[in-house]
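S.K.:
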Amino acid sequence: MKAREARVLLTGATGGIGRHVAARLVDAGASVLLAGRSPAQLAALARDLGGAGRERCDWHEVDLLAPVSIETLAGAAIPWRCNVVVHAAGAPAFGAVSSLAPPTVQRVMATNLVAPMLLTEALLPHLGRQPRSQVLFVGSVLGAIGLPGHAAYCASKFGLRGYAQALRRELDGGPVRVQYLGPRSTRTSFNEAAVEAYNRATGTAMDDPARVAMALLRQLEDEASERFLGFPERLGVRLNGAVPGLLDRIFAPHRRALAQARADEVQQGGTP
Ligand SMILES: NC(=O)c1ccc[n+]([C@@H]2O[C@H](COP(=O)([O-])OP(=O)(O)OC[C@H]3O[C@@H](n4cnc5c(N)ncnc54)[C@H](OP(=O)(O)O)[C@@H]3O)[C@@H](O)[C@H]2O)c1
Numbered sequence: 001m002k003a004r005e006a007r008v009l010l011t012g013a014t015g016g017i018g019r020h021v022a023a024r025l026v027d028a029g030a031s032v033l034l035a036g037r038s039p040a041q042l043a044a045l046a047r048d049l050g051g052a053g054r055e056r057c058d059w060h061e062v063d064l065l066a067p068v069s070i071e072t073l074a075g076a077a078i079p080w081r082c083n084v085v086v087h088a089a090g091a092p093a094f095g096a097v098s099s100l101a102p103p104t105v106q107r108v109m110a111t112n113l114v115a116p117m118l119l120t121e122a123l124l125p126h127l128g129r130q131p132r133s134q135v136l137f138v139g140s141v142l143g144a145i146g147l148p149g150h151a152a153y154c155a156s157k158f159g160l161r162g163y164a165q166a167l168r169r170e171l172d173g174g175p176v177r178v179q180y181l182g183p184r185s186t187r188t189s190f191n192e193a194a195v196e197a198y199n200r201a202t203g204t205a206m207d208d209p210a211r212v213a214m215a216l217l218r219q220l221e222d223e224a225s226e227r228f229l230g231f232p233e234r235l236g237v238r239l240n241g242a243v244p245g246l247l248d249r250i251f252a253p254h255r256r257a258l259a260q261a262r263a264d265e266v267q268q269g270g271t272p
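Counted from 1, the sequence shown has number 54 at position 54 by UniProt numbering; the numbering is strictly sequential.
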């Protein structure tokens with residue numbers, strides 16, 4: 001739908017990508033309900049987006065790790081008359097599988113996969129009553145390519161992509177359109193220094209969050225089902241889908257970069 005018709009519930013609104021998405025949406029004429037953990041940051045963001053869009057920007061506190069908080073958010077978004085949900089909240093998890101602590105694995109799966117599922121399900125009856133509505137999941141290129149050092153994160157985003165695809169097929173023919181956007185690595189505080197070093201060592205490009213926000217606005221308006229950002233990542237997604245065995249052979253630099261990241265961490269006093 002056109003942005004000016006959209007009343008968007010945006011999770012992760014205070015994040016590096018979320019802030020740009022919120023600004024692009026408001027600029028394009030959408031109303032936005034900003035959702036995040038920090039009331040102070042949300043209120044400041046709503047104020048900053050101000051100007052002509054001010055009356056079109058509201059906010060709501062949510063902790064996506066708490067199911068009751070997700071229900072409360074859905075309960076607020078319904079009378080606010082949301083007709084678009086953009087799931088942009090997310091948690092990172094970088095490191096060799098042998099070094100990932102169980103709470104990290106649980107947090108990344110709960111934030112990136114379970115929370116968007118629960119929020120979507122709480123809102124579906126409402127969305128299904130709208131003439132048209134959209135659910136847009138911010139996934140990742142790593143929801144379609146398994147990368148050394150990102151196993152738990154890949155699991156969460158592959159899962160999210162599978163959920164989006166199944167839901168899209170389940171709801172086909174009705175008013176709810178389900179979409180998945182897969183950005184590649186993006187310059188926000190989501191990526192710790194070790195990820196940036198890994199990206200440099202493996203020649204992995206990083207996008208500006210403003211570019212992701214532009215792509216998201218475009219996808220909202222052209223209603224594409226699934227889109228991945230960046231080259232060669234888009235080609236990688238296609239090849240990985242068609243002939244994953246071929247790609248298995250190209251990740252030696254990534255394994256080396258991961259081992260180096262681990263060695264650096266140990267040198268800086270981390271757990272061996
Ligand atoms: N940056 C990348 O390289 C990249 C690449 C591809 C895809 N993505 C995806 O893009 C999305 C946004 O990433 P980003 O770079 O903007 O990350 P970010 O700057 O770290 O922002 C993450 C956002 O998620 C929110 N969040 C995390 N846990 C939450 C919880 N339990 N309850 C409520 N909100 C929570 C954060 O809220 P607080 O402000 O309260 O912390 C923040 O607003 C994520 O889904 C990420 O997986 C990122």
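Where is the CB? At the ideal position from N, CA and C, for every residue including glycine.
Nothing here was measured: the structure is a model prediction, and the numbers come from that model.
(1) Give a single yes or no on whether N191 has its beta carbon closer than 8 Å to a heavy atom of ligand 1.
(2) Do you know how far the Cα of S99 is from the Cα of residue 279?
(3) Taking 8 Å as the limit between beta carbons, can you name the residues of its chain near V237, skipping five residues before and five after?
(4) For my contact list, L33 and L9 are in at a C-beta cut-off of 8 Å; report their separation, rounded to the angstrom.
(5) Counting only runs that start and end within the region 97 to 162, where is the alpha helix (DSSP H) found for 4 or more residues in a row?
(6) Is there contact between the region 245 to 263 and the region 164 to 178, where contact requires at least three CB pairs shorter than 8 Å?
(7) Between which two residues does the beta strand (DSSP E) holding D58 run?
(8) With DSSP collapsed to three states, give me the class of G15.
(9) Is G16 near ligand 1 - that is, is its Cβ less than 8 Å away from at least one heavy atom of it?
(10) Could you tell me which of V176, D208, A197 and A194 sits nearest to T188, measuring between CA atoms?
(11) Check whether the Cβ of K157 sits closer than 8 Å to any heavy atom of ligand 1, and report yes or no.
(12) Please tell me whether F190 and G90 are closer than 9 Å, where the distance is taken between their beta carbons.
(13) So, helix, strand or coil for residue 294, using DSSP?
(14) Decide yes or no for the touch test of the region 66 to 80 against the region 38 to 50: beta carbon pairs closer than 8 Å, at least 3 of them.
M.R.: Result, derived from the coordinates:
(1) yes
(2) No information on residue 279 is available, as it lies outside the stretch 1 to 272 that the chain covers here.
(3) V141, A144, I145, G182 and F228
(4) 5 Å
(5) 102 to 109 and 115 to 128
(6) no
(7) C57 to E61
(8) coil
(9) yes
(10) D208
(11) yes
(12) yes
(13) The structure shown does not extend to residue 294, since the chain is modelled only from 1 through 272, so no value can be given for it.
(14) no
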